[in-house]
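All remarks here apply to the structure that follows.
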Amino acid sequence: MASSTANATEGDFDGSLEYAPQFPRSPPPPLPFPTSSGSEGDSDDPVLEIDDMRNKLAHNSSMVHYWTEKCVAAERKLEDLTRQVNNANYKREKHRIRAQRRKFKVEDLHMSEEDAKYETTTIHKRGDKHRQAIRGAFNEGFEKFRRITADAHRDIDWDAVTVSAAQEFICGGVDPTQHSH
């Protein structure tokens, strides 16, 4: 029991134990100095009254010194506890700010990911429409080309040249020397 209460000091009024760092204890208050006579009011001797007054002043001075030491010790304890509370508040605020920054970064990344998906989808859809328009124009143009060249070059069978073969040839998928036409 002595080891568990070594770091604890009893509370001032409710008897609860408060854990705090131990500071050097100040000496107990000095005992009151006895007066030279049994009762202070019986003597008319000025020397005795001066001695009594000197004893009272010495006693009051020692009490002031005692309470000053107690106040200084309590002030040190309060400064230490204030420093601990300030450090804890600083760390809590620092962690809150870091968490908020991480949250904002995650939101920014999430938004940029959503934006990228949207733009990719939009570009893809626009690309499909564009590709379809190009394919339609190519097919229409190729048909016109076949009709015009069929009149000019009657010896070539233009019906044998398909649209897909022409697209492959134009896109570079087929070696041009493979075609006999």
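Quick note: the sequence shown uses UniProt numbering, first residue 1, plus one each step. We put the beta carbon where it would ideally sit given N, CA and C, even for glycine.
8 Å Cβ cutoff met for residue i and residue j
| i | j | result |
| --- | --- | --- |
| Q167 | F138 | yes |
Alpha-carbon to alpha-carbon, residue j and residue i
| i | j | result |
| --- | --- | --- |
| R101 | R92 | 14 Å |
| R96 | N89 | 10 Å |
| H110 | K94 | 24 Å |
| Q132 | E143 | 16 Å |
| G136 | E113 | 34 Å |
| D80 | V47 | 49 Å |
| D159 | Y118 | 43 Å |
| R98 | F104 | 10 Å |
| E107 | A116 | 14 Å |
Own chain, CB closer than 6 Å to residue i, minus 5 neighbours either side, in chain order
| i | result |
| --- | --- |
| T177 | Residue placement at T177 is flagged as unreliable, the pLDDT there being 48, under the threshold of 50; a coordinate-derived value is accordingly withheld. |
| W67 | none |
Write down every uninterrupted run of the beta strand (DSSP E) in the region 39-102 whose length is 3 residues or greater and which is fully enclosed by it, in chain order. The qualifying runs do not exist here; there are none.
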